[in-house]
Amino acid sequence: MNAVDLVPTHRETLAGYVGDIERLEALFTSWDETQRAAVDAYRRSIEELQGEAFRRLIRALKADPAAMQAMKTAVADEIIYAVLRRHNILKPSLSERVEAALDGVRPMLASHGGDVELVSIRPPAMEVRFTGACDGCPASALTFHAGVKKAVEEACPEITDILQLKGSGGGSNDSVRFVSPFALGAVDGWHLVCRLDEIPQGGITTRIVGGENVILSRQGAVVSCFQNACAHLGLEIDGGEVEDGIVTCPWHGFRYDLATGECLTAPEVQLQPHMVKVIGNRVEVRLAK
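When we follow our numbering, the leftmost residue of the sequence shown carries the number 1057, and every step to the right adds one.
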């Protein structure tokens, strides 16, 4: 590569400028450590100078409301936005934070051939869709609540309504009929608990697993397992009424969604979940640590 090749060509879009930078970075990787360190030090010095200049400019503009409004309008330009974000002058946008939250759960989904895509964001609502093996999987409701919904709510509290759209595909596994979210990577610690037909459809049953009192529920193809303890005072809930996938604690009336463990009475608490997998007619549980 000659000196001419090192000069970035003019680009009209952010992708063009980023491409130029990436090509230069690829070249730097072939240099020795001393050369790379020199380039990195030079880059940091330039960025620090630019960042300080931007910060001083913004402080000066804050005194003029019209100038500040013009700057806010200019930030809609993707190149201006990208540079100011690079210098941490702008906070991450909502869409960036949502995508970062989804990226946090994607490795788990990818471990069994699935993914999640962001369909739309219209604060305070957003829509997502499962793809691959997660589309149509019996565990998708659990995956949505325990993984995607929780991750987005923690990263973006301004999003209060997270909707799951149904996809068009489907995944299947001939040997494993059902696996609860985050359980596919777990290879040790499984306990054979009961047969699938011992869990009443639409109801619950109790078992002692590894010394722990748990409840198991079956709603269609989905099997869930939770600690047999109300999140209110820790009292057993297996004697409570079950209707439409909701169990009501017999002691103080706290209601829980048996698909997700969410408390419908006090949303800030939930039942303690345990991992479940169904292989053939065998139900196995792995206790949460």
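Note that the Cβ used here is the ideal one computed from N, Cα and C, for glycine as well.
All values reported here derive from a predicted model rather than from experimental measurement.
**OP:** On the DSSP bridge assignment, give the partners of TYR1312 in chain order.
**Re:** VAL1303, CYS1319
**OP:** Please name the residue in ALA1181, PHE1310, GLN1328 whose C-alpha comes closest to that of LEU1320.
**Re:** PHE1310
**OP:** For LYS1205, count neighbouring Cβ atoms within 10 angstroms of its own Cβ and tell me buried if that reaches 16, exposed if not.
**Re:** buried
Subject >> Cβ pair count under 8 Å reaching 3, the region 1147-1158 against the region 1121-1130 >> reply: no
Subject >> Start-to-end residues for the alpha helix (DSSP H) that takes in LYS1128 >> reply: 1121-1130
Original post:
Can you name, in chain order, every residue of its own chain whose Cβ lies under 6 Å from the Cβ of ALA1344, other than the five neighbours on each side?
Top reply: HIS1330
**OP:** Express the C-alpha separation of LEU1070 and ASP1133 in angstroms, rounding to a whole number.
**Re:** 10 Å
Original post:
So, LEU1174 versus VAL1184, is the Cβ gap smaller than 8 Å?
Top reply: yes
**OP:** Classify VAL1325 as helix, strand or coil using the three-state DSSP reduction.
**Re:** coil
**OP:** Kindly indicate which three-state DSSP category GLU1183 falls into: helix, strand or coil?
**Re:** strand
**OP:** Using the DSSP secondary-structure output, state which residues sit across from GLN1257 in a beta bridge.
**Re:** ARG1274
**OP:** Helix, strand or coil for ASP1133, going by three-state DSSP, please let me know.
**Re:** coil
Original post:
For GLU1299, which of VAL1139, VAL1334, ILE1136, LEU1314 has the nearest alpha-carbon?
Top reply: LEU1314
**OP:** Measure the CB-CB distance between ILE1260 and LEU1272 and report whether it falls below 8 Å.
**Re:** yes
**OP:** Quick one: residues in its chain with C-beta nearer than 6 Å to the C-beta of TYR1098, no 5 flanking neighbours on either side, listed in chain order?
**Re:** none
Subject >> 8 Å CB neighbourhood of LEU1140 in its chain, flanking five on each side removed >> reply: PHE1110, VAL1131, LEU1146
**OP:** Evaluate GLU1318 with the Cβ neighbour count: other Cβ atoms within 10 Å of its Cβ, from every protein chain shown; 16 or more gives buried, anything less gives exposed.
**Re:** buried
**OP:** Count the other CB atoms, across all protein chains shown, that sit within 10 Å of the CB of HIS1201; report buried if there are 16 or more and exposed otherwise.
**Re:** buried
**OP:** Please classify ILE1114: does DSSP put it in a helix, a strand, or coil?
**Re:** helix
Original post:
Does DSSP classify ASP1230 as helix, strand or coil?
Top reply: Legend: pLDDT at ASP1230 = 37, less than 50; position of this residue unreliable, value from coordinates given subsequently. Note: ASP1230 maps to coil in three-state DSSP.
Subject >> Cβ shell of VAL1100 (< 6 Å), same chain only, five flanking positions each side left out >> reply: Looking at the sequence shown, residue 1100 is not Val but Arg. Within the same chain, ARG1100 has no close Cβ partners at all.
Original post:
Once you ignore the five residues that flank ARG1342 on each side, which residues in its own chain have a CB closer than 6 Å to its CB?
Top reply: ALA1242, GLY1245, TRP1246, MET1331
**OP:** Label GLY1336 either buried or exposed according to how many other C-beta atoms from any shown protein chain fall within 10 Å of its C-beta, with 16 as the threshold for buried.
**Re:** exposed
Subject >> Opening and closing residue of the beta strand (DSSP E) in which SER1176 lies >> reply: 1170-1178
Original post:
Nearest to LEU1291 by CA position, among LEU1327, CYS1281, THR1316, is which residue?
Top reply: LEU1327
**OP:** Could you tell me the distance, in whole angstroms, from the CA atom of ILE1114 to the CA atom of LYS1333?
**Re:** 56 Å
Original post:
Between which two residues does the alpha helix (DSSP H) containing VAL1154 stretch?
Top reply: 1150-1166
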